[in-house]
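Asker: Okay, so the sequence shown: first residue is 1 according to the UniProt record's numbering, each after it adds one.
This structure is in structure tokens; I'll ask about it shortly.
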Amino acid sequence: MSRAGNPPFGLPPVSLGTWQLRGRAATRAVGQALALGYRCVDTATGYDNERDVGAGIRTSGIERGDLLIVTKFPEEDAGRERETLLRSLDQLGVDHLDLWLVHGPLDPDGSLAVWERFIEAREAGLVRAIGVSNFLPAQVDDLVARSGVTPAVNQVAFGPRRLDPALVRHHTALGIVVQGHSPFSENDLRHPALRAAAGHHGRSVHQILLRWHVEHGVPVVAKAASPAHLAANLRVHEFALTAAEVEAIDRAADDAWTGAAR
Ligand SMILES: NC(=O)c1ccc[n+]([C@@H]2O[C@H](COP(=O)([O-])OP(=O)(O)OC[C@H]3O[C@@H](n4cnc5c(N)ncnc54)[C@H](OP(=O)(O)O)[C@@H]3O)[C@@H](O)[C@H]2O)c1
1 MSRAGNPPFG LPPVSLGTWQ LRGRAATRAV GQALALGYRC VDTATGYDNE RDVGAGIRTS
61 GIERGDLLIV TKFPEEDAGR ERETLLRSLD QLGVDHLDLW LVHGPLDPDG SLAVWERFIE
121 AREAGLVRAI GVSNFLPAQV DDLVARSGVT PAVNQVAFGP RRLDPALVRH HTALGIVVQG
181 HSPFSENDLR HPALRAAAGH HGRSVHQILL RWHVEHGVPV VAKAASPAHL AANLRVHEFA
241 LTAAEVEAID RAADDAWTGA AR
């Protein structure tokens, strides 16, 4: 089956994550982030903060066309895709999303049914691009084979503890952008390789982790509420890691995964 695929999709190196941000704190963080220069905001229906995030976007005064607004469909709401999307648009205060992600995989038939509704939403102009999150390469393959439409993005936990070069190779070959989430909460911030690089560059371990994503060509979603953290996380282009540092951090890989983060 041949169907119109997703257009190539570009994400900035660092997007603002908003999991666990709610109310005025969410609105304030989004407003501050956009004032600092963030241009991509990541939320999810499941974060219960789309209205607060939307308020932050509106108060920023940034042109809608200069922003990427990403939200995620809770796979447990399968069958209610359109009403969920319309509610997301209403709460965010926008007439389209830039990227809509399936928050997590269902069984193959379940994922396909959701994906068909995603394709319809894109064809209706309600979302510019559609993608998935937390999908394994085999689950992506199944979706592509059965729908004929390749996800623009797969947002996955990706850090030294979750380094998966095979997934990156697989997705790159299909033109799928791998976006990393939870760069700090899912990694060991005390790892000696991170601390050594931080000392060498005079940067925080958090900045080293974000730069490590840049070195791997993987855009990342990082959450911060503190203005100092928000600013620090944008400064990933002020330095570069050496190949030896990247390799040392790669070796920090560990398979532990609690699956707790969403
Ligand atoms: N697709 C999925 O299933 C999925 C799963 C998990 C997450 N995500 C997305 O990815 C985003 C990020 O993941 P996360 O929320 O788990 O958290 P995270 O970005 O890994 O870590 C956030 C924590 O790090 C702190 N922090 C941020 N920058 C810092 C800095 N420069 N120095 C020191 N501390 C710093 C924050 O503190 P302050 O807040 O106090 O600044 C906060 O406590 C989420 O918000 C969400 O948008 C998606």
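By construction, the Cβ of each residue, glycine as well, lies at the ideal position given by its N, Cα and C atoms.
Just so you know, these numbers come straight off a predicted model, no measurement behind them.
#1: Does DSSP put glycine 31 in a helix, a strand or coil?
#2: For alanine 224 and valine 30, what's the separation of their Cα atoms in angstroms?
#3: Thinking just about the alpha-carbon of each residue, which of Gly56, Thr45, Asp109 and Gln20 is nearest to the one in valine 140?
#4: Return yes when at least one heavy atom of ligand 1 lies under 6 angstroms from the C-beta of aspartate 188, else no.
#5: Under 8 angstroms by Cβ, that's how I've got leucine 143 and leucine 112 pegged, so tell me the actual separation to the nearest angstrom.
#6: Give the single residue among Ala166, Gln32, Pro151 and His181 whose Cα lies nearest to the Cα of tryptophan 115.
#7: So does valine 140 have its beta carbon nearer than 6 angstroms to some heavy atom of ligand 1?
#8: When we look at the beta-carbon of phenylalanine 9 and count the other beta-carbons within 10 Å, is it buried (16 or more) or exposed?
#9: State the Cα-Cα distance for the pair valine 168 and valine 41, rounded to the nearest angstrom.
#10: Under a three-way DSSP split, which group does arginine 128 fall into?
#11: Among all the DSSP beta bridges, which residues are the ones paired with glutamine 179?
#12: So the candidates are Arg3, Ser15 and Gly217; which of them puts its Cα closest to the Cα of serine 182?
#13: Indicate whether valine 218 and phenylalanine 158 have their beta-carbon atoms separated by less than 7 angstroms.
#14: Is the closest heavy atom of ligand 1 to the C-beta of threonine 204 under 6 angstroms?
#15: Ordered along the chain, which non-local residues of its own chain (more than five positions away) have a Cβ less than 8 angstroms from that of histidine 96?
#16: Using a Cβ distance threshold of 8 angstroms, determine whether the stretch 20-28 contacts the stretch 185-198, with at least three qualifying pairs required.
#17: Please state the DSSP three-state secondary structure of leucine 106.
#18: Does any residue of chain B bring its CB to less than 7 angstroms from the CB of valine 205?
#19: State the DSSP-derived secondary structure class of phenylalanine 73, mapped to helix, strand or coil.
#20: Which residue wins for smallest C-alpha separation from threonine 43, given the options Leu68, His171 and Ile62?
#21: Are there 16 or more other CB atoms within 10 angstroms of the CB of leucine 85, so buried, or fewer, so exposed?
#22: Pick helix, strand or coil for serine 111, following the three-state DSSP scheme.
#23: Would you kindly work out how many angstroms separate the C-alpha atoms of proline 165 and glutamate 245, rounded to a whole number?
#24: Over what stretch of residues does the beta strand (DSSP E) that includes serine 88 continue unbroken?
Answerer: The short version:
#1: In this structure, glycine 31 counts as helix in the three-state DSSP scheme.
#2: Spanning the two alpha carbons is a distance of roughly 9 angstroms.
#3: That would be Asp109, whose Cα lies nearest to the Cα of valine 140.
#4: No, ligand 1 has no heavy atom inside 6 angstroms of this Cβ.
#5: The Cβ separation is near 6 angstroms, so the contact holds.
#6: Nearest C-alpha to tryptophan 115: Pro151.
#7: Answer for valine 140: no, Cβ out of range of ligand 1.
#8: By the 10 Å Cβ count, phenylalanine 9 comes out buried.
#9: Distance between the alpha carbons of valine 168 and valine 41: 23 angstroms.
#10: DSSP places arginine 128 in strand when its eight states are reduced to three.
#11: DSSP lists Gln155 as the bridge partner or partners of glutamine 179.
#12: Here the closest residue by C-alpha is Ser15.
#13: Contact flag set, yes.
#14: Reading off the sequence shown, one finds serine at residue 204, where the question assumed threonine. Checking the Cβ of serine 204 against ligand 1 gives yes.
#15: Taken in chain order, the residues that qualify are Leu89, Gly125, Leu126, Val127 and Arg128.
#16: With fewer than three CB-CB distances shorter than 8 angstroms, the stretch 20-28 does not count as touching the stretch 185-198.
#17: The DSSP-derived three-state label of leucine 106 is coil.
#18: Looking at the structure shown, chain B is missing, and only one protein chain is on hand.
#19: In the structure shown, phenylalanine 73 sits in a strand (DSSP, three-state: E or B).
#20: The shortest C-alpha separation from threonine 43 is found at Leu68.
#21: With a threshold of 16 other beta carbon atoms within 10 Å, leucine 85 meets it and is buried.
#22: In the three-state scheme derived from DSSP, where H, G and I count as helix and E and B as strand, serine 111 is classed as helix.
#23: Straight-line Cα distance between these residues: approximately 17 angstroms.
#24: Residue range 81-92 is occupied by the alpha helix (DSSP H) that includes serine 88, with no beta strand (DSSP E) assigned at that position.
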